[in-house]
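The next block holds one structure in the form of structure tokens; read it before the comments.
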Amino acid sequence: MAALFASLLLLCAFIASCENVSLLEDASSGTYSDGVSDTTSVDVESLLKYIGGEITIAVPESQQLAFSTNPNTDDIIGLTSMARNDLLAEKCGLELKIKTVSAENVLTELDAAQKAGLNYADILCLPAKTLSALADGGYLFNLLSSPDFKLDSNYINTTAAKEMAGNKTLYMLFDNATLFYDETWVVFYDKQLVSGTGLADPAKLAASGQWTWDEFIKYSEAVAQKVMSKGSPDTATDVFGFSSYNNTADLPLAIWESCGIPLFGETYGGPVTLKADAAVLKNSAKELQNIYFHKSRFPLQGEEAAAAFKKGRMGFFIYKLGFSAALVETGRDWGILPLPKYSADQNGYRSYVDPNAYAFAIPANAANPQRSILALNMLCAASKDTMRKAVYDKYVNLYFTNNAATVMLNTIMDSVYFDFAAIHASGMPAIANVSTNVVIDAVSKKGSDFSFTNEALSAFEKYASEKFK
117 MAALFASLLL
127 LCAFIASCEN
137 VSLLEDASSG
147 TYSDGVSDTT
157 SVDVESLLKY
167 IGGEITIAVP
177 ESQQLAFSTN
187 PNTDDIIGLT
197 SMARNDLLAE
207 KCGLELKIKT
217 VSAENVLTEL
227 DAAQKAGLNY
237 ADILCLPAKT
247 LSALADGGYL
257 FNLLSSPDFK
267 LDSNYINTTA
277 AKEMAGNKTL
287 YMLFDNATLF
297 YDETWVVFYD
307 KQLVSGTGLA
317 DPAKLAASGQ
327 WTWDEFIKYS
337 EAVAQKVMSK
347 GSPDTATDVF
357 GFSSYNNTAD
367 LPLAIWESCG
377 IPLFGETYGG
387 PVTLKADAAV
397 LKNSAKELQN
407 IYFHKSRFPL
417 QGEEAAAAFK
427 KGRMGFFIYK
437 LGFSAALVET
447 GRDWGILPLP
457 KYSADQNGYR
467 SYVDPNAYAF
477 AIPANAANPQ
487 RSILALNMLC
497 AASKDTMRKA
507 VYDKYVNLYF
517 TNNAATVMLN
527 TIMDSVYFDF
537 AAIHASGMPA
547 IANVSTNVVI
557 DAVSKKGSDF
567 SFTNEALSAF
577 EKYASEKFK
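Going by the working numbering, the sequence shown wraps up at 585, each residue one higher than the last.
Encoded structure:
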């Protein structure tokens, strides 16, 4: 509660500046929570000409807590979001109105609204894979086309915005207010099994930047020592090294993303094209196959894999941070780690953010896109530090039982990684055919080569030039 109170004080001071000064300045010395430094400020008076009254945000029911209006909530996320909403209304005249939608039906509903000339919502907060499909269909507004969207502002997650931008086009914005951290990929580990190997706590390796896939395999082999010596392991009783909930597609992609091997290079401000060297890609895929096909991996997936980890029959479980909630009642002592590095020389960890993570967007048929952009600015500004702190406190207070986990949580939150290819491929087949589809096959299918057809490449180049101008 003390941490929450401090966060709210910071938020109050920040929003109060809307009344008293002509410039809206960052409350944290010009530094976004991801470490990006900036001194940009916004003319509040020009913002208030357009903001005022209701702003409708379309969100699925599962995401409503991020914009809670329930005065009886005792959830730390709900309390923080409600305080932010109240202050926006009080100080800046902005009232958030929630429109509950189904992510599966949004495309159909948006299409109907667009054809009828009706406003569907001012802002969308939906899974990135849904937004990617909407962008594919031409239903999203290009944020960078508005002069009021200042990508380098100190209240915008500039790193995420640039990683999601193609040329001068940006369809979605990941922000602390969207609570994308729940969909960040991490490594859960059974502390009892690992300590039983005699090896040091891997959190120490992670803290020193030495947590690599080679180290991961060493630990996995040690945990699954009996499996490694068997000809035919028993999936019902043996202790295995690692697995994931979806070994078919999600695991090979997460392994690849952890290594930070961008297929398109830097996409912001330039054409979206394949820039990676084919020989390097093939070599990387071959090396990562050694991890994916390692004997210590539990061959089953889904609930069977999750249950094996919960029961103490698996050393490591590679999955999303939100899985923490399912481990509270297991009775096991567990911890979290960032996804391993490709090698110790890799510049930082890559905590891959899944396409199921939520992001902001604006419908192409919004009644007043400029007003939506300005409201989005204020929403991001008010949520910048407080919502991240609320997410951190939620995990520390509800799920974690040891200090090492809290340290690793900070490391993971500081190293979130938004891959342009993976996010957009989730809803854009033309991109998937030269990126994630190829990556998954190259890592998970023996004998696969990192290659794509000339037809797929040609279709991608045409699509990218039209969709990201």
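Glycine residues also receive a C-beta, built at the ideal position from the N, C-alpha and C atoms.
Please read all numbers here as calculations on a predicted model, not as lab measurements.
Does DSSP put residue i in a helix, in a strand, or in coil?
i, result
"Ala-423", "helix"
"Asp-509", "helix"
"Thr-313", "coil"
"Val-554", "helix"
"Phe-576", "helix"
"Glu-382", "coil"
"Tyr-408", "helix"
"Asn-519", "helix"
"Asn-283", "strand"
"Phe-439", "helix"
"Ser-567", "coil"
"Asp-306", "strand"
"Glu-206", "helix"
"Val-388", "coil"
"Leu-163", "For Leu-163, the pLDDT reaches just 48, beneath the cut-off of 50, and the residue's location in the model is therefore unreliable, leaving the point undetermined."
"Phe-584", "coil"
"Ser-145", "Residue placement at Ser-145 is poorly supported in this model, since its pLDDT is 30, which falls under 50; the coordinates are not used for a value here."
I'd like the span of the beta strand (DSSP E) that includes residue i, first residue to last.
i, result
"Ile-434", "430–436"
"Val-175", "169–176"
"Phe-296", "Where Phe-296 is concerned, there is no enclosing beta strand (DSSP E), given that its DSSP letter is neither H nor E."
Cα-Cα, which of the options is closest to residue i?
i, options, result
"Ala-205", "Val-303, Pro-485, Ile-192 and Glu-170", "Glu-170"
"Glu-299", "Thr-246, Pro-454, Gly-438 and Thr-522", "Gly-438"
"Ser-218", "Met-198, Leu-247 and Arg-200", "Leu-247"
"Ala-572", "Ala-538, Asn-549 and Ala-580", "Asn-549"
"Ile-239", "Asp-306, Val-469, Ser-336 and Leu-490", "Leu-490"
"Asp-291", "Phe-414, Tyr-305, Pro-243 and Tyr-435", "Pro-243"
"Phe-409", "Ala-520, Leu-379 and Ile-371", "Ile-371"
"Asn-363", "Tyr-508, Ala-276 and Glu-420", "Glu-420"
"Phe-566", "Lys-307, Leu-379, Tyr-335 and Thr-353", "Leu-379"
"Lys-320", "Ala-520, Ala-182 and Ile-547", "Ala-520"
"Gln-179", "Ala-232, Gly-168, Arg-413 and Lys-215", "Lys-215"
"Gly-543", "Ala-182, Asp-227, Lys-245 and Thr-189", "Lys-245"
"Cys-241", "Phe-576, Ile-272 and Ala-174", "Ala-174"
"Ile-632", "Asn-518, Pro-263 and Ala-182", "Residue numbering for the chain in the displayed model covers 117 to 585; residue 632 lies beyond these limits and cannot be assessed."
"Tyr-335", "Asp-306, Arg-448 and Tyr-361", "Asp-306"
"Ala-646", "Phe-414, Ala-483 and Asp-268", "Given that the chain is displayed from residue 117 to residue 585, the structure contains no residue 646 and the question cannot be resolved."
"Gly-428", "Asn-513, Asn-270, Thr-353 and Leu-525", "Thr-353"
"Phe-584", "Ile-333, Val-555, Thr-389 and Ser-467", "Thr-389"
"Ala-322", "Gly-464, Asn-570, Asp-227 and Ala-546", "Gly-464"
"Val-555", "Gly-376, Asp-191, Asp-268 and Glu-220", "Gly-376"
"Tyr-508", "Ala-546, Leu-492, Ser-440 and Thr-569", "Ser-440"
Using a Cβ-Cβ distance cut-off of 8 Å, determine whether residue i contacts chain D.
i, result
"Thr-185", "This model lacks chain D altogether, as it is built from one protein chain only."
I need the boundaries of the alpha helix (DSSP H) containing residue i, first residue and last residue.
i, result
"Phe-444", "With the sequence shown as reference, residue 444 is identified as Val, and Phe is not the correct amino acid for it. Segment: none, Val-444 is in no alpha helix (DSSP H) and carries neither H nor E."
"Ala-546", "545–548"
"Phe-414", "It is not in any alpha helix (DSSP H) - Phe-414 carries neither H nor E in the DSSP assignment."
"Ala-538", "536–541"
Is it the case that the CB of residue i approaches a heavy atom of the ligand FAD more closely than 7 Å?
i, result
"Glu-211", "Looking for the ligand FAD in the displayed structure turns up nothing, as the structure carries no ligands at all."
- Query: Which residue spans inside the stretch 208–276 form an unbroken alpha helix (DSSP H) run of at least 4?
  - Reply: 222–232 and 244–252
- Message: Does the contact criterion of 3 or more C-beta pairs under 8 Å hold for the stretch 377–384 versus the stretch 344–361?
- Response: no
- Item | Contiguous alpha helix (DSSP H) assignments of at least 4 residues, all confined to the stretch 317–377 | 318–323, 329–339, 341–345 and 366–374
- Query: Does the stretch 445–458 come close enough to the stretch 386–399 to have 3 or more Cβ pairs within less than 8 Å?
  - Reply: no
- Contact the stretch 466–475 vs the stretch 281–301: 3+ CB pairs below 8 Å: yes
- Message: Quick check: the stretch 250–260 against the stretch 349–366, are at least 3 beta-carbon pairs closer than 8 Å?
- Response: no
- Task: Starting from the N-terminal side, write out each stretch of the beta strand (DSSP E) that is 3 residues or longer and does not extend beyond the stretch 453–507.
- Result: 474–477
- Count the C-beta pairs between the stretch 196–216 and the stretch 434–450 that are closer than 8 Å, then say yes if the count reaches three, no if not. no
- Query: Are there three or more Cβ pairs, one per stretch, closer than 8 Å when the stretch 396–413 is compared with the stretch 549–562?
  - Reply: yes
- Message: Closer than 8 Å is the cut-off here; do at least three beta carbon pairs connect the stretch 513–531 with the stretch 331–340?
- Response: no
- Counting Cβ pairs closer than 8 Å, one from the stretch 322–329 and one from the stretch 534–550, do we hit at least three? no
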